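As they're listed, the protein sequences go chains P and X. Just so it is clear: in the first sequence, position 74 is 74 by the numbering used here, and no numbers are missing. With positions in the second sequence counted from 1, the corresponding number in the numbering used here is that position plus 201. Where is the CB? At the ideal position from N, CA and C, for every residue including glycine. This structure is a prediction, so every number in the text was calculated from the model and none was measured.
There are 2 protein chains.
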Amino acid sequence: MAIVGDSRTQLVQTMARLLRDQGYTATGLSQVLAESGVSNGSLYHHFPGGMEELAETALEASGKAVTDALTRALDGAPNAGVGVGRFLDMSAELFTDDGCGGCPVAPTALESPLISPRLRVAAARCFHSWEVRIAQRLRADGWPEDSVPEAASAGLALIEGALLVAKVSGQLGHLAHAKRAALVLLATPSGQRARSNDRER
Amino acid sequence: MAIVGDSRTQLVQTMARLLRDQGYTATGLSQVLAESGVSNGSLYHHFPGGMEELAETALEASGKAVTDALTRALDGAPNAGVGVGRFLDMSAELFTDDGCGGCPVAPTALESPLISPRLRVAAARCFHSWEVRIAQRLRADGWPEDSVPEAASAGLALIEGALLVAKVSGQLGHLAHAKRAALVLLATPSGQRARSNDRER
DNA sequence: GCACTACTAGAGAGAGTGCTCTAGCCTTTC
DNA sequence: GAAAGGCTAGAGCACTCTCTCTAGTAGTGC
C-alpha cells in the first residue's frame, strides 16, 4: 500500500479547485474523475454519499486552508487591518487570467440554499470560522468587546466582496482597494468608532 | 394580441429570480418553463440563443433594477455612506427565511468564468454600473478625484460581501454591520484619508 | 376568402447525468 | 499457501438535460 487515501486526496483537491472555479452544480462527476485520474468505483468507495459528500469534504478542506492562511497573515501583522490587507495580497497572487481563483467557498455557498442544505451549512461554518479569527485579532488589538463583532463582520464582508468583484471583473485592483479600506476599518482600536455613532440614528 | 412580450416578460422575471436563488447551472430549463407557465416552443421563439441568451437578458434586467434602487437610495441620502446603508436596509427586507434574496448577479457571476464568458461579461457590466453610481455620488459629496475609485470599489465590495455572507449564514445582522462600516468608509469626504496613508506603504 | 406574421404547444432526439453493481487486483496477515 | 479486506476498474441503468422540429392557433391587411 502506497499512501493511505492517495486517490482520496486527489479527489478532494480536484473537487475543491473545481468548486472554487465553477461551483457545485456546474461540476460534473465525470469532470472530477477525469481531472483527478480516479475511477468511478474509487469515488463511491471513499465517499458513499456520492458527490454531495465529496463536495462537503472539499469545502471543509478549503475552509481550513483559508483559516490557516488568514491566521498566518494576522499573526505576522501589527494589527488586524494590516493582517487582512496581507491576506488580500496573498489571495491576489493566486488569481489566474482566466478567472480562476478567489474564495473557494463562495460559488458553492451562493447556489446551496435551494440545492443542498448540507453544503450551505458547511459553507456557513467556513465563513464563521474566518470571522472568528478576525475577531480574535481585534480583541488582541485592544478593541472594545461590543465593537468586535461588527468590525469582524465588516472585515469578512470586505474580503468576500473584493474577491468576488475581482474574480468577475478580472481586475485585481479591487483587492488593493479593499486592502486600503481594511486599514481604515480595522487598524485603529478606537477612533472612528465615536464618529460613526452620531450618523443616521 | 394582448401585451407584446407577455410570456417573454414571464420568462425573464422567472429566470432572474432563479438565477438569484440558485445560479445558472443549477437552473434547469424545465424549471424555468414550469414556474413561468411558458412552453418550450415560446422560449426558443423569443430567445433563439436558448438558455444562455435568456440568462443574459435576465442578468441585464436584474442589474438595471439594482442600479435604479441604488440610485434612489443614494439620491435621498445626505451622503454616499448613508445612501449605501439605506440600500443595504432595502436589500435586507427582500430576504426570505429559506436563503432566497441577496445579489441577483453574484451566484451566476461566480460560476461564469469557465462556464460562459458571455454571462461573465454581463455580470461584470452590472458590477461596473453599480460602482459608477457610487463614484458619482462620492464626487458630488466633494471627495477628491483620486480617492473616488478606491472608495467606490470598497463600497461595492462591502455591499456584495455583506449580501453574500448574510445569505449563506442566514443572519441579516451582517447587513447592519456592513451599513455601519459604509458610514465610516464613505461618509466623510476627507478625514481618515490622511490617516490611512501612513500604514504599511 | 386568402396570405402572412407572431406566437404557442408539445413530442421527441441525442447527449449527458449521478449512481449501482460485479469482477478483480494488490497487499497484508496468519 | 491461503484467506481477507482495502481499493480499483468500468460496464450499464434509469433518468434528466437542452434543443430541434412539426403542427397548429390567433390576429392583421388586402
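Checklist entry - Which residue's Cα is closest to the Cα of X:LEU311: X:ARG221, X:LEU230, X:MET216? => result Locating residue 311 of chain X in the second sequence gives position 110, where the first residue counts as 1. Ranking X:ARG221, X:LEU230, X:MET216 by Cα distance to X:LEU311 puts X:ARG221 first.
Next on the checklist: Can you look up P:VAL38 in the DSSP assignment and give me helix, strand or coil?
Outcome noted: Looking up residue 38 of chain P in the first sequence gives position 38. Coil at P:VAL38, not helix or strand.
Item to check | Simplified DSSP state of P:LEU172, which is helix, strand or coil | outcome: On the first sequence, position 172 is the one that residue 172 of chain P refers to. In this structure, P:LEU172 counts as coil in the three-state DSSP scheme.
Checklist entry - Is P:LEU11 near the ligand SAM, with its Cβ less than 8 Å from a heavy atom? => result With respect to small molecules bound, the structure shown includes none, and the ligand SAM cannot be examined in it.
Checklist entry - Measuring CB to CB, does X:GLY356 end up less than 9 Å from X:ALA367? => result Here residue 356 of chain X refers to the residue found at position 155 when the second sequence is read from its first residue. Here residue 367 of chain X refers to the residue found at position 166 when the second sequence is read from its first residue. In this structure, X:ALA367 does not lie closer than 9 Å to X:GLY356 by Cβ.
Checklist entry - What in chain P is Cβ-close to X:ILE316, meaning under 8 Å? => result Against the second sequence, residue 316 of chain X aligns to sequence position 115. Per Cβ cutoff of 8 Å: GLN22, ALA26.
Checklist entry - At least one CB of chain X closer than 9 Å to the CB of P:GLN192: is that the case? => result Stepping through the first sequence from its first residue, residue 192 of chain P is reached at position 192. Here the model assigns P:GLN192 a pLDDT of 45, short of 50, so the residue's position is not dependable, and the following value carries that caveat. Closer than 9 Å to some Cβ of chain X, the Cβ of P:GLN192 qualifies, so yes.
Checklist entry - For chain X, is any of its Cβ atoms less than 9 Å away from the one on P:ASP98? => result As a working mapping, residue 98 of chain P is identified with position 98 in the first sequence. Judged by the 9 Å Cβ criterion, P:ASP98 is in contact with chain X.
Next on the checklist: Tell me the rounded alpha-carbon separation between X:VAL283 and X:TRP344.
Outcome noted: If you number the second sequence from 1, residue 283 of chain X lands on position 82. If you number the second sequence from 1, residue 344 of chain X lands on position 143. Approximately 15 Å, taken between the alpha carbons.
Checklist entry - So what does DSSP say about X:PHE328, is it helix, strand or coil? => result Mapped onto the second sequence, residue 328 of chain X falls at position 127. If DSSP states are grouped into helix, strand and coil, X:PHE328 belongs with the helices.
Next on the checklist: Let me make sure I understand the geometry here. Which of X:LEU212, X:LEU275, X:VAL285 has the alpha-carbon closest to that of X:LEU255?
Outcome noted: Here residue 255 of chain X refers to the residue found at position 54 of the second sequence. It is X:LEU212 whose Cα lies nearest to the Cα of X:LEU255.
Next on the checklist: Using beta carbons (cut-off 9 Å, strictly below), is X:LYS368 in contact with chain P?
Outcome noted: To locate residue 368 of chain X, count along the second sequence from 1; it is residue 167. Yes, contact with chain P.
Next on the checklist: My output table needs one value for X:ARG394: the three-state DSSP class, helix, strand or coil.
Outcome noted: As a working mapping, residue 394 of chain X is identified with position 193 in the second sequence. For X:ARG394, the pLDDT reaches just 45, beneath the cut-off of 50, and the residue's location in the model is therefore unreliable, although a value from the coordinates is still provided. Helix, per DSSP.
Next on the checklist: List, in chain order, every chain X residue whose beta-carbon is nearer than 7 Å to that of P:ILE159.
Outcome noted: In the first sequence, residue 159 of chain P corresponds to position 159, counting from 1. Correct list: GLY362.
Checklist entry - Excluding five sequence neighbours on each side, which residues of the same chain lie with their C-beta closer than 6 Å to the C-beta of P:LYS179? => result The residue you call residue 179 of chain P lines up with position 179 of the first sequence. If we look at P:LYS179 and ignore the five residues flanking it on each side, its Cβ neighbours are GLY85, LEU88.
Next on the checklist: Among P:SER91, P:LEU163, P:SER147, P:ALA58, whose alpha-carbon lies nearest the alpha-carbon of P:ARG17?
Outcome noted: Along the first sequence, read from residue 1 onward, the residue named residue 17 of chain P stands at position 17. The residue with the shortest Cα to Cα distance from P:ARG17 is P:ALA58.
Checklist entry - Under 7 Å Cβ-Cβ, which residues of chain X neighbour P:HIS177? => result Translated into positions along the first sequence, residue 177 of chain P becomes position 177. Residues of chain X passing the Cβ test: GLU351, SER354, ALA355.
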